[in-house]
Amino acid sequence: MLTIATGNKAVAAAAREARPGVVAAYPITPQTEIVEQLATYVAEGSLDADYIPVESEHSAMAACIGASAAGARTFTATSSHGLLYMHEMLHWAAGARTPVVMANVNRALGPGWNTWAEHTDAFSQRDTGWLQVFVATVQEAYDVTLMAFRIAEDERVLLPVMVNLDGFSLSHITQSLETVEVGDFIPPFRLPHAIDIAHPRGYGTLTPPDIYFRFRWDMERSMRASREVIAETEAEFARRFGRRYGPTEDYRCEDADVVVVALGTLGKEAEVAVDILRNEGVKAGSMRLRWFRPFPALDLAGREVVVIDRDYSFGFGGVITHSIRSTTGVEPYSVIAGLGGQEVTYDDIAQFVRQREAGKEFWFGVSD
Amino acid sequence: MNPLPAEEYVHKCTTACAGCTSSLSLRYILKAAGPDTVLVVPACCTAVLQGVYPATAMNVNVYNIAFAAAAATASGMAAAFRRSGRSTNVICYAGDGGTVDIGIQALSGALERGTDFLYICYDNEAYGNTGMQRSGATPIGAVTTTTPGGKTDEKKDIDRIVAAHNIPYMATACAAYPQDLYAKVKKALSIPGPKFIHLLSPCPPGWRYSSERSVEVGKLAVKTGLWVLYERERGELRINPASKAAMKRPAPVEEYLKVQGRFKGISDEAKGMLVAAMERHHRRLLAEEAGTC
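Residue numbers (our numbering), protein chains in the order written: chain A, -14 to 353; chain B, 5 to 297.
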């Protein structure tokens, strides 16, 4: 069905379509609309789920873990401080192999209070064992939320998935949306290690080093296997519903001498900048990074690269800049821009490309 | 004495300390609950005494979870069980630190939301698993590793906090009265909604008495009136006979204090506050039971 929706409403609609049994959530700007919408679905009867209005995000994730272990598909949504507050339980969800799906509406961290877009919240959860994907349009927010359940619950993965969308610049903007009837695209929830009363087990008991180590390796094996599961899921989604996704969304990259790499809405904005630069005779392209974990293999050999980081690792640098440097060997021009919702236009992005200097770091609006 | 079920759900291979009353109590709790039960256990002594993976001393499912997260985990679990038509008992078994301190927010939330579960706080009045540091449940005057001169603050009254949630059933219990504990767990599990049992659990290494005296110490807690056994079912308070008798004719508080190294050298001021708090507690309970408050 063709309709219009905000990013938040699209996520909620997709979550409903996936038929979770338990939604446990806590409000936080700019995510609140997602959980309000899900609570409304439950109240009006269009979603047969238990909505648990927990007293904190830590409890939201704990409730999702408990529900998942007891055999229910689970969903939650959060943002920023809420994501950080559940940090401990993010590690637990991944380690317990509970395939929770969560939307994280990317937002800056205080102080001072700032509710606008930034990616530091998600990157702070980098090592929790969650798959992380970043979306850029309302349609993609919907499609990826659906795919997230299938990927997380695949027996080769059984790791939680975080769907990231930019606060306000995607969560609150309205675009056209084509909803689908998901059918058997998402199979019924089946957790192989769900609690079974007939076969009592100790979950998460004291674990000696050699076995603990093996569990960590199992997580990494699943993370590696998830690349194939993601590719299969995206291919199957394209076959059934006609929209195609991959580890990156490449725009005019085939013959590009210089490639802009960014995530989320800035990655989409970069496409307009590419057109401007092409009109100036610059052979530019853009590569919007969609999956952050597992981090994809990027083909950037022989090109100049401009990375826009909407994040920062203090005392080190832009997280994406360094990820690309370490995985591809290229030396990007590192632009730090858009922190705390700073306005970054396609004209600004075109200018970043014009002024590029490999190996340099530039703080937009701050650096000389 | 009523015969208790012969089935054992705690095998004889836990790594609990000699004289540990929390593991002893768990034996009775699980006899009352039966096999259709999941224990949700946050960081506490029970997290480490159940065995080392892949072995477990427990013959029911045990779901270990982070320190602050037991009650919230139970909320999700109970919701998932109920919606799939299963009446599985979800029992949180948490220490006092995991209940009155770090876990209090999740506990309060789960009680307020009407989660269908039983939360049992086994209270040894300190962080036992990490070597006896003070918790909010440590009584005034008690020496712990972080109150080497004796605790200067009074024990947090978690029961009044829980009572403020107006849950259908709450009770206190003591490891030295296993029949009473068994009956209370049975009753709690027969009532839908949130239930809470506060279980005093004497701890030989923490309280500094020799391990064969656990039952004696527990009985002294009740006989002196420092620990009162009662139930509050749908708002109706009933003080149990053992405590009724103790409140009428209490044993001297010193009898309880002097057998425990943690109270060695307790100041008269701290002892006075301990007794004053006990008397306040008694007055409140008696007035509530009589319907005069």
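Even for Gly, the Cβ is constructed at its ideal location relative to N, Cα and C.
In the DSSP annotation of this structure, the continuous segment of the beta strand (DSSP E) that includes A/V7 starts and ends at 7 to 9.
In this structure, A/L32 keeps its C-beta atom at 9 Å or more from the C-beta atom of A/R58. Around A/M74, the beta-carbon contacts reaching into chain B at under 8 Å are A70, A73. Listed along the chain, the chain B residues whose CB falls inside 8 Å of the CB of A/Y188 are N65, V66, Y67, N68.
In the DSSP assignment, no residue is bridged to A/T100. Beta-bridge partners assigned by DSSP to A/Q160: A/A(-10). By the C-beta density criterion, A/M(-14) is exposed, having fewer than 16 other C-beta atoms within 10 angstroms. Under the three-state reduction of DSSP output, B/V42 falls in the strand class.
Taking the beta carbon of A/S211 as reference, no residue of chain B falls within 7 Å; the closest one sits roughly 24 Å away. A/H66 has a beta carbon lying at 9 Å or more from every beta carbon in chain B. Contact between the region 211 to 225 of chain B and the region 54 to 61 of chain B is absent, with fewer than three C-beta pairs closer than 8 Å.
Contact annotation: the region 323 to 338 of chain A touches the region 91 to 105 of chain A, with at least three C-beta pairs closer than 8 Å. Contacts between A/E40 and chain B, judged by CB atoms closer than 9 Å, involve A76, Q109, A110, S112, G113, A114, E116, R117 in chain order. Distances from the alpha-carbon of A/V244 to those of A/V(-4), A/I37, A/W115, A/V338 put A/V338 closest. Annotation for B/R238: P172, Y173 place their beta carbon closer than 8 Å to its own, counting only its chain and skipping 5 residues before and after. Restricting attention to B/I106, B/I243, B/K262, B/Q183, the CA atom closest to the CA of B/E292 is found in B/I243. For B/N65, same chain residues with a beta-carbon under 6 Å away, outside a window of 5 residues either side, are V42 in chain order. If you draw a straight line from the Cα of A/E140 to the Cα of A/P177, it comes to about 8 Å. Within its own chain, the residues whose Cβ lies closer than 6 Å to the Cβ of A/R1, once the five positions on either side in sequence are excluded, are Y26, L32, listed in chain order.
B/A110 is positioned such that its CB atom lies closer than 9 Å to that of A/S44. Here B/I201 is near B/A175, since their CB atoms are less than 9 Å apart.
DSSP places A/S311 inside the alpha helix (DSSP H), whose first and last residues are 304 to 313. Contact between A/S154 and A/T250 holds: CB atoms are separated by about 5 Å, below the 8 Å threshold. For B/D120, the closest of B/I106, B/F71, B/K199 by C-alpha to C-alpha distance is B/K199. Residue burial is scored here from C-beta neighbours: B/Q183 has fewer than 16 other C-beta atoms within 10 angstroms and is therefore classed as exposed. Under the 8 Å Cβ criterion, the region 144 to 164 of chain A counts as touching the region 201 to 212 of chain A, having at least three qualifying pairs.
Here B/F85 has T92 as same chain residues with Cβ atoms under 6 Å from its own Cβ, once five neighbours each way along the sequence are excluded. Inside the region 191 to 222 of chain B, DSSP marks whole alpha helix (DSSP H) runs of 4 or more residues at positions 208 to 211, from first to last along the chain.
In the DSSP assignment, B/I106 falls outside any beta strand (DSSP E), carrying neither H nor E. Counting C-beta atoms within 10 angstroms of its own C-beta, B/Q54 has 16 or more neighbours from the protein chains shown and is therefore classed as buried. Interface criterion not met: the Cβ of B/V219 is under 9 Å from no Cβ in chain A.
In the structure shown, the three-state DSSP call for A/N264 is helix. For B/D163, no Cβ of chain A is located within less than 9 Å of the residue's own Cβ.
For A/H43, the nearest beta carbon of chain B is closer than 9 Å to its own beta carbon.
Per the C-alpha coordinates, the member of A/S298, A/G314, A/E289 positioned closest to A/E342 is A/E289. Neighbourhood of A/T192 in chain B, by CB distance below 8 Å: V56, Y57, in chain order.
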